[in-house]
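Residue numbers for the sequence shown follow my numbering, beginning at 1153 and rising by one. First the structure, in the form of structure tokens, and then the observations on it.
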Amino acid sequence: MQDHQLFNRPLVEKYDRPGPRYTSYPTAPQFHAAFAEDDYRAAAERSNADAEPKPLSVYVHIPFCKSLCYYCACNKIITHNTERAAEYLAWLQQEIRVQGALFDETRRMTQLHLGGGTPTYLSNDQLGELMASLDAAFHFASPEEREFSLEVDPRTVTPEQIHELHALGFNRLSFGVQDFDPDVQKAVNRVQSEEDVVSLVHAARQAGFQSISVDLIYGLPLQTVASFDTTLDKIIALRPDRIATYSYAHLPELFKAQRLIRPEDMPPPERKLELLELTIRRLTEAGYVYIGMDHFALPDDELSLARKNGTLQRNFQGYSTHADCDMIGLGITSIGKVGDTYSQNVKETAQYQHRLQEERLAVFRGYRLSDDDRLRRDVINALMCHNRIDFAAIEARHGIIFRDYFADALSELQEMADDGLLAIRDNEIELLPAGRLMMRNAAMAFDAYLAHSTGRYSRTV
Ligand code: SF4
1153 MQDHQLFNRP LVEKYDRPGP RYTSYPTAPQ FHAAFAEDDY RAAAERSNAD
1203 AEPKPLSVYV HIPFCKSLCY YCACNKIITH NTERAAEYLA WLQQEIRVQG
1253 ALFDETRRMT QLHLGGGTPT YLSNDQLGEL MASLDAAFHF ASPEEREFSL
1303 EVDPRTVTPE QIHELHALGF NRLSFGVQDF DPDVQKAVNR VQSEEDVVSL
1353 VHAARQAGFQ SISVDLIYGL PLQTVASFDT TLDKIIALRP DRIATYSYAH
1403 LPELFKAQRL IRPEDMPPPE RKLELLELTI RRLTEAGYVY IGMDHFALPD
1453 DELSLARKNG TLQRNFQGYS THADCDMIGL GITSIGKVGD TYSQNVKETA
1503 QYQHRLQEER LAVFRGYRLS DDDRLRRDVI NALMCHNRID FAAIEARHGI
1553 IFRDYFADAL SELQEMADDG LLAIRDNEIE LLPAGRLMMR NAAMAFDAYL
1603 AHSTGRYSRT V
């Protein structure tokens, strides 16, 4: 795909507005406390009773970091006291035992993601203990069926440790790079050398990691088109399998850490669009395929292949190639998706420990989907993963007449159609190349809750 097809500046400007990322539908602001532990247990029981129970996917949140990146909007705990992590790990293992008892032993865990915070805040020995507990509770699938990934902060590991992580069973890595420019790194308090990142990526290749991903952020303080171009040069030369380029949302009134960024260092809004345009051009010229949202991948990467053959999935971590799984969230703030429910763990470590001390689950809110929610989730997934809604397929799965049921959404989408961003045909809606950056805008037309939502969302482009 050519960048001029993907990036149309006047249209990007016109449609750039706050909107959900649709890692779930309904989105988290709809979760409520009336959905409690018993509802989660009941959902797990129902999922075991499915004719063919789904494989399990596990997300583990490790909230600790050694220093604060000023752009950070994550749920994290900044500390040098490694005792806190040891204590957290002990409670995590308790949660793993309690949750493991809910799912049939015959089910297999095919997917794992460790996020944070900084998962590599834990030592490799601690990560080894965590893996052993997860295997005992959720039963790892055979190595060839597994997609086990973790986020790596390059400042916290050595090349030797990367080899050990592979030996522990991880086969995918993502490195948080953000930007190589020294001034930008200083402005956001995340200084890491290019040499270290290069040697870690080489170590990951030697160790046999199947997929190596690099995260970048555009819109950071002091970033210029020339400085980010240099970062992109260096990343492209490293040839990671996947590149995620996140747009920095500067919301200092919401995130305390961001108040440490000097307002005068922030790039003007038009520079952010230039940085996005540059990123798309450089990555597509270098042979990367645009997957959707913030993600690019090499043409032979599983994500690109899944996008091509229509098996791409979307989950809380972004895009995935794995079949629909029941997702178990472990650790503070984690979100799970079991059967037709979503659930979220408490956000504070004290509450988390208190619940587990009482042998309870850490779930404090959630949501059970209605038939209408399931239908809209299916439609939004089709748009976000396949850029196409096949009316007949949706009608067959949900027993509706698409054009009648979604008459309002279709009329709302007419403006995007008139702008050449999507095509509304007799039997389908297709996102056209110029509309792919605006897929969230199209998805928003099918969101029944958005008009009344109090959620605060990042901008759609
Ligand atoms: S960006 Fe990542 S490493 Fe930095 S403070 Fe936030 S969670 Fe920690």
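Glycine included, every Cβ here is placed at the ideal spot set by N, Cα and C. Since the structure is predicted, the reported quantities are computational estimates derived from the model, not experimental observations.
For S1365, the beta-bridge partners assigned by DSSP are S1326 and R1394. For Q1263, the enclosing beta strand (DSSP E) stretches over residues M1261 to G1268.
Within the model, the alpha-carbon separation for I1546 versus V1531 is close to 7 angstroms. If you keep only unbroken beta strand (DSSP E) runs of at least 3 residues inside the segment 1283-1343, you get 1299-1304 and 1324-1330.
Per DSSP, the continuous alpha helix (DSSP H) segment holding N1461 begins and ends at E1454 to N1461. Between the beta-carbon of A1355 and that of I1314 there is about 4 angstroms, and that keeps the pair under the 8 angstroms contact cut. Exclusion of the five residues before and after S1486 leaves Y1211, H1213 and N1497 as the residues of its chain whose Cβ lies within less than 6 angstroms of its Cβ. In this structure E1500 is exposed. Its beta-carbon is surrounded by fewer than 16 other beta-carbon atoms within 10 angstroms. Rounded to the nearest angstrom, the gap between the Cα atoms of A1225 and A1409 is 8 angstroms. The set of residues with CB atoms less than 6 angstroms from any heavy atom of the ligand SF4 reads, in chain order, C1217, L1220, C1221, C1224, C1226, K1228, G1268, G1269, T1270 and D1305.
Burial is judged here by how many other beta carbons sit within 10 angstroms of a residue's own beta carbon; S1345 has fewer than 16 and is exposed.
Boundaries of the alpha helix (DSSP H) around E1429: P1421 to E1437.
Judged by DSSP secondary structure, S1495 falls within the beta strand (DSSP E) whose first and last residues are T1493 to N1497.
Going by DSSP, Y1504 is part of the alpha helix (DSSP H) stretching over T1501 to Q1509. Ranked by Cα distance from F1448, the first of M1479, V1515, G1483 and S1363 is S1363.
A contact between stretches requires three or more CB pairs, one per stretch, nearer than 8 angstroms, and the segment 1192-1204 fails this requirement with the segment 1555-1567.
Going by DSSP, N1467 is part of the beta strand (DSSP E) stretching over Q1465 to N1467. P1170 has R1611 as its beta-bridge partners, per DSSP. Per DSSP, the continuous alpha helix (DSSP H) segment holding M1591 begins and ends at M1591 to M1596.
Non-local beta-carbon contacts of T1493 in its own chain, meaning distances under 8 angstroms to residues more than five positions away in sequence, involve F1187, D1191, Y1192, A1195, G1518, Y1519, R1520 and L1521 in chain order.
E1564 sits close to A1597, with the two beta carbons spaced by under 7 angstroms. Between Y1167 and M1590, the C-beta spacing is below 7 angstroms. Two segments are said to touch when three or more pairs of C-beta atoms, one from each, lie closer than 8 angstroms; by this definition the segment 1334-1345 touches the segment 1218-1232.
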